[in-house]
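To keep things clear, I will list the structure first and then write my remarks on it.
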Amino acid sequence: MTGIYVTGSIATDHLMTFPGSFAEQLIADRLDTVSLSFLVDDLVVRHGGVAANIAYGLALLGRRPRLVGAVGADFDGYRRRLEHSGVDCSAVHVSRTAHTARFICTTDARQCQIASFYPGAMAEAAEIDLAGIVGATRPELVIVAPDAPGAMVRHAAACRRHGWPFAADPSQQIARMSGAEIREFVSGADYLMTNEYELNLLLEKCGIREPDLPGLVGTVVTTRGERGVRIRDRNGETSVPAAPIPAVVDPTGGGDAFRSGFVAGIAWGLAPGDAAAVGCQVAAFALRHEGSQEYAFTPEAFCSALVENYRDTRPGAVAAAVLRLEGAAA
1 MTGIYVTGSI ATDHLMTFPG SFAEQLIADR LDTVSLSFLV DDLVVRHGGV
51 AANIAYGLAL LGRRPRLVGA VGADFDGYRR RLEHSGVDCS AVHVSRTAHT
101 ARFICTTDAR QCQIASFYPG AMAEAAEIDL AGIVGATRPE LVIVAPDAPG
151 AMVRHAAACR RHGWPFAADP SQQIARMSGA EIREFVSGAD YLMTNEYELN
201 LLLEKCGIRE PDLPGLVGTV VTTRGERGVR IRDRNGETSV PAAPIPAVVD
251 PTGGGDAFRS GFVAGIAWGL APGDAAAVGC QVAAFALRHE GSQEYAFTPE
301 AFCSALVENY RDTRPGAVAA AVLRLEGAAA
């Protein structure tokens, strides 16, 4: 079923390790002419991008989300991987001139990093006509995730114009966007999704208080790391604890994994608090693996974990997951 549209960034991460120290290679009085290269020990290429990460998690939960974003001609291998996972990539825009966005980072033995981010084809995302992609069928939900700011504003405007329910996820682009742009982007969203720091930065830039947000958006969903998730709307506030895990292997992509579970829960008809429990459980699987799309689970394994962690506090989430996932796997 394609009723969920995920717009936003699609990228690859190229991660390298330098066994020495960057600082030891720098000459204090020659920094104005620095020219260095480093022989690295390894190279790991990971698939990422916020929209692709969210779509991947939704596919694990039995959905077939439609991914909307801009990539380069080098996307073919990544496309095959996503489609094999159950993501519909038919609406992805392919640039004729630019490569897929990528993050290139070298980390030394002291965990210092030298990195570059190449937006590439992402700059063309604002040219995407979301209305033309969605067509006449009303979507269950559109997720407008971090992307080129112009694309984010345009997609949110299309949702408001057509009356489509949408989740606004400004995340890391809050630092780039002005207060006016952020307010325009989130206005009318059914869900506003950020972490705690991002929420505080959003409030500061927009010049508003958190209690006033439910007048601008429907439901405010705030992830708080190991302290779980807070949900605020016009009816009040509720908290959902994080799903326990032995240790966090890699926090990268944990928030995106949460979003995929939360959105799946909303599509199942769950209340936001129960949907957040589903999201927390997906995040728990993701956090135990390196990379944003390296985790996986069977319907049985997911339902078992959800039962163990939330049967007493969120029985509605457990019942919905068992019905949707174990039923689909039978």
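Residue numbering for the sequence shown follows the UniProt record's numbering, starting at 1 and increasing by one per position.
The C-beta atom is built at its ideal place from N, Cα and C for all residues, glycine as well.
Nothing here was measured: the structure is a model prediction, and the numbers come from that model.
Looking at Pro-65: is its Cβ nearer than 8 Å to the Cβ of Val-87?
For the purposes of this step, residue 65 is taken as residue 65 along the sequence shown, with counting starting at 1. For the purposes of this step, residue 87 is taken as residue 87 along the sequence shown, with counting starting at 1. Yes, they are a contact pair.
CB of Gln-111 within 8 Å of CB of Pro-146, strictly:
Stepping through the sequence shown from its first residue, residue 111 is reached at position 111. Stepping through the sequence shown from its first residue, residue 146 is reached at position 146. For Gln-111 and Pro-146, no; Cβs fall outside 8 Å.
Between the region 169 to 186 and the region 291 to 301, can you find at least three pairs of beta-carbon atoms closer than 8 Å?
Short answer: they don't touch.
My output table needs one value for Tyr-295: the three-state DSSP class, helix, strand or coil.
Walking along the sequence shown from the start, residue 295 turns up at place 295. Tyr-295: coil per DSSP, three-state reduction.
Assign Arg-324 to one of two classes, buried (16 or more other C-beta atoms within 10 Å of its C-beta) or exposed (fewer than that).
Numbered from 1 along the sequence shown, position 324 holds the residue referred to as residue 324. Counting Cβ neighbours within 10 Å, Arg-324 comes out buried, since at least 16 surround it.
Going by other Cβ atoms of all chains shown within 10 Å of its Cβ, with 16 needed for buried, is Pro-299 buried or exposed?
The count along the sequence shown starts at 1 and reaches residue 299 at position 299. Here Pro-299 is buried: its Cβ has 16 or more other Cβ atoms, across all protein chains shown, within 10 Å.
Quick test of your reading: Val-221 and Met-193, contact by CB under 8 Å. State the CB separation rounded to the nearest angstrom.
Looking up residue 221 in the sequence shown gives position 221. Looking up residue 193 in the sequence shown gives position 193. Val-221 to Met-193, Cβ: 5 Å. Contact.
Starting from Gly-255, trace the alpha helix (DSSP H) both ways and give me its first and last residue.
Along the sequence shown, read from residue 1 onward, the residue named residue 255 stands at position 255. Counting along the chain, the unbroken alpha helix (DSSP H) around Gly-255 starts and ends at 254 to 267.
Nearest residue (CA-CA) to Met-152, options Phe-258, Leu-130, Gly-215 and Ile-231:
Position 152 of the sequence shown holds residue 152. Per the C-alpha coordinates, the member of Phe-258, Leu-130, Gly-215 and Ile-231 positioned closest to Met-152 is Leu-130.
Selected residue, minimal CA-CA separation from Trp-164, among Arg-138, Phe-185, Lys-205 and Ser-187:
Taking the sequence shown and counting its residues from 1, the one referred to as residue 164 is at position 164. With respect to the C-alpha of Trp-164, the residue from Arg-138, Phe-185, Lys-205 and Ser-187 having the closest C-alpha is Arg-138.
Rounded C-alpha distance that separates Ala-91 from Gly-135:
To locate residue 91, count along the sequence shown from 1; it is residue 91. To locate residue 135, count along the sequence shown from 1; it is residue 135. Cα-Cα distance, rounded: 12 Å.
Near the ligand COA: Val-71 beta-carbon under 7 Å from a heavy atom:
In the structure shown, the ligand COA is absent, as is every other ligand, since no ligand is present at all.
Beta-carbon contacts of Arg-79 that lie in its chain and below 6 Å, excluding the five residues immediately before and after
Here residue 79 refers to the residue found at position 79 when the sequence shown is read from its first residue. So the list reads Cys-89, once near-sequence residues are dropped.
Using CA coordinates, which residue listed in Gly-269, Gly-225, Asn-235 and Glu-237 is at the minimum distance from Gly-251?
As a first step, residue 251 is located in the sequence shown; it is residue number 251 there, counting from the start. Gly is not the amino acid found at residue 251; the sequence shown has Pro there. Answer by Cα proximity: Gly-225.
Exposed unless 16 or more other CB atoms sit within 10 angstroms - verdict on Gly-207
The sequence position of residue 207 within the sequence shown is 207, counting from 1. So Gly-207 ends up on the exposed side.
Contact check, Ala-243 vs Cys-303 under 8 Å by CB: the rounded distance?
Taking the first residue of the sequence shown as 1, we reach residue 243 at position 243. Taking the first residue of the sequence shown as 1, we reach residue 303 at position 303. Their Cβ separation, rounded to whole angstroms, is 13 Å, which puts Ala-243 and Cys-303 out of contact at 8 Å.
Would you kindly work out how many angstroms separate the C-alpha atoms of Glu-210 and Leu-203, rounded to a whole number?
Against the sequence shown, residue 210 aligns to sequence position 210. Against the sequence shown, residue 203 aligns to sequence position 203. Linking Glu-210 to Leu-203 through their CA atoms gives a straight-line distance of about 7 Å.
Close beta carbons around Ala-330, own chain, < 7 Å, minus the five adjacent residues each side
One-based indexing of the sequence shown puts residue 330 at position 330. Reliability of the predicted coordinates at Ala-330 is poor, the pLDDT of 49 falling under 50, and the value obtained from them is presented with this limitation in mind. Excluding residues within five positions, none has a Cβ falling inside 7 Å.
Continuous beta strand (DSSP E) assignments of at least 3 residues falling wholly in the region 45 to 107:
Runs of the beta strand (DSSP E) inside the region 45 to 107: 66 to 68 and 101 to 107.
By the DSSP assignment, the alpha helix (DSSP H) with Val-318 in it spans what residues?
To locate residue 318, count along the sequence shown from 1; it is residue 318. Following the DSSP letters along the chain, one finds Val-318 inside the alpha helix (DSSP H) bounded by residues 315 to 321.
Rounded straight-line distance, which links the Cα of Ile-4 to that of Arg-160:
By one-based count along the sequence shown, residue 160 stands at place 160. By one-based count along the sequence shown, residue 4 stands at place 4. Computed Cα separation, rounded: 16 Å.
State the CB to CB distance for the pair residue 399 and Leu-82, rounded to an integer number of angstroms; the pair is presumed to be in contact (CB under 8 Å).
The structure shown does not extend to residue 399, since the chain spans only 1 to 330, so no value can be given for it.
Between which two residues does the beta strand (DSSP E) containing Leu-192 stretch?
On the sequence shown, position 192 is the one that residue 192 refers to. It spans 191 to 195 - the beta strand (DSSP E) in which Leu-192 sits, taken as one unbroken run.
Close beta carbons around Asp-29, own chain, < 8 Å, minus the five adjacent residues each side
Here residue 29 refers to the residue found at position 29 of the sequence shown. Result list for Asp-29: empty, nothing under 8 Å.
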